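What follows is one structure encoded as structure tokens, with my remarks underneath.
In the numbering used here, the protein residues as written are 1245 to 1362.
So, in structure tokens, the structure goes:
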């Protein structure tokens, strides 16, 4: 059961081009937004869509894959864990952010008519 503690799996579409940062320590970090959609019927029986936005952060080799293959609009699968961090904004107010720290990414769909597993 310990493998499912703090475990996240999402499939969605990349909302913006990933941001890649090379740190002074030599580590690489990738960050992007991911949109997941849920479809349901409202009280009138009409189909509705609800979109949730998630921030995904990845390090090392996973960041390399994101840098080379992930673009805005691409459908991807992500597995990882939730991480919450805090910071102070410009007004000195403490803010909290919850992100998905990805340890694996699955490239789905196609790019230019070719399969993602090239």
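No residue lacks a Cβ here, since even glycine has one placed at the ideal position from N, Cα and C. Keep in mind it's a predicted model, so treat the numbers as computed, not measured.
Endpoints, alpha helix (DSSP H) assigned at residue i
| i | result |
| --- | --- |
| residue 1311 | 1304-1313 |
Burial state of residue i, where buried means 16 or more other Cβ atoms lie within 10 Å
| i | result |
| --- | --- |
| residue 1327 | exposed |
| residue 1316 | exposed |
Terminal residues of the beta strand (DSSP E) in which residue i lies
| i | result |
| --- | --- |
| residue 1253 | 1252-1258 |
| residue 1265 | 1263-1266 |
| residue 1330 | 1319-1332 |
| residue 1272 | 1272-1285 |
| residue 1348 | 1338-1351 |
CB contact flag (residue i, residue j, <8 Å)
| i | j | result |
| --- | --- | --- |
| residue 1304 | residue 1271 | yes |
| residue 1353 | residue 1255 | no |
| residue 1346 | residue 1306 | yes |
Distance cut-off 7 Å: residue i Cβ against heavy atoms of the ligand MG
| i | result |
| --- | --- |
| residue 1258 | Summarising the ligand content, the structure contains no ligands, and the ligand MG is consequently not present. |
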